[in-house]
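First up is the structure itself, then whatever we jot down about it.
Number of protein chains: 2
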Amino acid sequence: MVKLTSAEIKSVKALGSKKFRDIEGLFVVEGEKMVAEALESGFKIEKLYRRDEIGEQQMSRISSLDSPSPVLAVIRKAEPKPAVAGKGLFLALDSVRDPGNLGTIMRIADWFGIDGIFASQDTVDQYNPKVVQASMGAVFRKTVTYCDLPALCRSFREAGLPVYGTFLDGSDIYGAELKGEGLIVMGSESFGISKEVGANVDSRLKIPSYSVGPGAESLNVAVATAVTVAEFKRRNA
Amino acid sequence: MVKLTSAEIKSVKALGSKKFRDIEGLFVVEGEKMVAEALESGFKIEKLYRRDEIGEQQMSRISSLDSPSPVLAVIRKAEPKPAVAGKGLFLALDSVRDPGNLGTIMRIADWFGIDGIFASQDTVDQYNPKVVQASMGAVFRKTVTYCDLPALCRSFREAGLPVYGTFLDGSDIYGAELKGEGLIVMGSESFGISKEVGANVDSRLKIPSYSVGPGAESLNVAVATAVTVAEFKRRNA
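These protein sequence lines are chains A and B, in that order. Following the working numbering from start to finish, the first sequence increments by one per residue and tops out at 334. Following the working numbering from start to finish, the second sequence increments by one per residue and tops out at 334.
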């Protein structure tokens with residue numbers, strides 16, 4: 098059984114916080130399936146811990162899970178991509194705070210072949226352990242570029258590319274013109290798209306509700322992203 | 098400050114388990130927004146606990162949340178509905194185990210005006226506190242009917258109503274015939290639709306992936322439900 102130094106245990110544990118992930122440029126994945134995806138991904142694996150080698154007790158000291166998995170990897174983060182308009186269909190997330198939502202959105206972007214994901218600086222970190230887990234491996238195929246969203250919207254518009262946004266009072270997405278290229282902005286769980294970002298949106302969309310009588314007031318942001326992106330792709334396939 | 102008896106505290110806490118919810122016919126909701134929805138819903142409120150009345154300490158003893166909210170209600174469950182085919186568009190969930198997914202699906206069904214939700218007996222309980230929370234109030238507008246899914250599928254087919262299912266090897270939903278009435282079966286997070294249920298599906302659908310190169314292997318079940326239901330509603334609106 099390999100004995101880890103307490104400094105080493107501390108350094109892995111520290112990667113649970115964004116501050117240390119940013120300083121070290123590293124993040125953690127746990128679980129056999131996720132680590133297998135990491136190994137195939139081309140991401141640089143800095144450390145690999147196996148329960149068989151270090152034992153149950155040390156494993157539970159470095160793990161962020163309630164029941165630690167048999168394997169944990171410390172991985173070098175991807176290089177950030179530039180926050181500029183590009184050809185293709187892109188997503189921009191305005192203050193998405195819930196890790197499960199961001200991970201699910203990365204998985205959706207992966208499935209639907211979205212060309213890139215941007216997010217406001219106050220969106221949850223893509224290397225947060227819960228985001229990584231919910232992404233089901235999409236973290237190795239999609240990078241989130243954190244940036245100033247109003248400036249990003251302007252760079253799309255200056256490149257002649259449309260900027261879409263979803264609003265509760267937008268116009269029915271099924272009747273709207275949707276191009277195969279541009280930027281789709283999704284708002285936060287609680288407040289939707291902020292005023293500053295909304296002022297830079299060309300086309301305000303909404304997913305219609307078919308509820309009769311009193312019904313849901315909104316959709317979960319990951320769910321709304323999926324329905325929106327699916328419609329863009331269906332129309333432009 | 099009202100002092101609760103330890104028996105009363107125990108009886109509220111017990112509703113965290115399905116066994117006791119079934120015995121008592123009660124469930125718990127927490128939070129100001131959820132309790133407000135409960136009050137407007139017509140559901141019978143058996144008990145209402147406010148932090149102002151019973152104090153922070155007693156509140157944290159009856160709450161299932163990490164940081165207890167100012168208000169908690171004990172509510173009588175809805176009467177179960179019969180597990181038979183009906184006119185309209187219905188969902189059937191085959192072994193959906195994650196509470197967040199079921200709650201999100203209830204919210205989706207609410208938004209898209211789904212006429213009823215059925216689920217296999219091993220699907221997570223609709224009155225599980227995490228389901229209730231994720232449903233964002235849909236628990237007061239949509240009831241899940243737990244039943245034998247193969248028999249339910251047969252009852253739809255015998256009534257001349259189509260049974261749809263989503264499969265990774267189904268045919269493209271955007272090219273398939275989708276009627277405004279029938280049953281849409283969604284499979285479990287890990288295993289999709291079971292063999293027994295799948296044998297009773299008339300039309301096998303899939304949501305196409307637009308990923309180029311290696312991509313996501315699947316979509317989250319709540320996300321897949323939303324994309325599927327949105328397409329049925331768009332087509333038949």
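Note that beta-carbon positions come from the ideal geometry of N, C-alpha and C, so glycine has one too. Only a predicted model underlies this, so the values are computations on that prediction, with no experimental measurement involved.
Inspect the beta-carbon positions of residue i and residue j and report whether they are closer than 7 Å.
i	j	result
residue 229/A	residue 221/A	no
residue 280/B	residue 191/B	no
residue 172/B	residue 133/B	no
residue 193/B	residue 285/B	yes
residue 249/B	residue 211/B	no
residue 152/B	residue 98/B	yes
residue 329/B	residue 275/B	yes
residue 182/A	residue 215/A	no
residue 298/B	residue 326/B	no
residue 122/A	residue 178/A	no
residue 148/A	residue 224/A	no
Round the Cβ separation of residue i and residue j to the nearest angstrom and send it over; I've been treating them as touching at under 8 Å.
i	j	result
residue 316/B	residue 208/A	5 Å
residue 331/B	residue 271/A	5 Å
residue 240/A	residue 304/A	Rounded, the Cβ-Cβ distance is 27 Å, inconsistent with contact.
residue 320/B	residue 323/A	4 Å
residue 101/B	residue 155/B	5 Å
residue 277/B	residue 301/B	The Cβ separation is near 19 Å, so there is no contact.
residue 125/B	residue 109/B	7 Å
residue 180/A	residue 244/A	3 Å
residue 334/B	residue 307/A	7 Å
residue 226/A	residue 113/A	6 Å
residue 139/A	residue 238/B	So it is not a contact: roughly 47 Å between Cβ atoms.
Less than 7 Å between CB atoms is the rule here; does residue i satisfy it with respect to chain B?
i	result
residue 317/A	yes
residue 146/A	no
residue 327/A	yes
residue 215/A	no
residue 331/A	yes
residue 264/A	no
residue 320/A	yes
residue 140/A	no
residue 271/A	yes
residue 102/A	no
Please confirm if residue i has its CB atom under 7 Å from at least one CB of chain A.
i	result
residue 308/B	yes
residue 235/B	yes
residue 240/B	no
residue 204/B	yes
residue 163/B	no
residue 209/B	yes
residue 312/B	yes
residue 221/B	no
residue 298/B	no
residue 323/B	yes
Original post:
If we count Cβ pairs, one from each stretch, closer than 8 Å, do we get three or more for the region 247-259 of chain A versus the region 150-167 of chain A?
Top reply: no
Original post:
Three or more beta-carbon pairs under 8 Å between the region 189-205 of chain B and the region 296-316 of chain B, yes or no?
Top reply: no
Original post:
Touch check for the region 285-294 of chain A and the region 148-167 of chain A: three-plus C-beta pairs under 8 Å?
Top reply: no
Subject >> 3 or more residues per run - each beta strand (DSSP E) lying fully within the region 179-260 of chain A >> reply: 186-190, 213-217 and 241-244
Subject >> beta strand (DSSP E) segments (min. 3 residues) lying fully within the region 268-314 of chain A >> reply: 279-283 and 300-303
Subject >> Complete alpha helix (DSSP H) runs within the region 145-176 of chain A (minimum length 4 residues, chain order) >> reply: 148-159
**OP:** Within the region 105-140 of chain B, note down every full alpha helix (DSSP H) run reaching 4 residues or more, in order along the chain.
**Re:** 115-121 and 129-138
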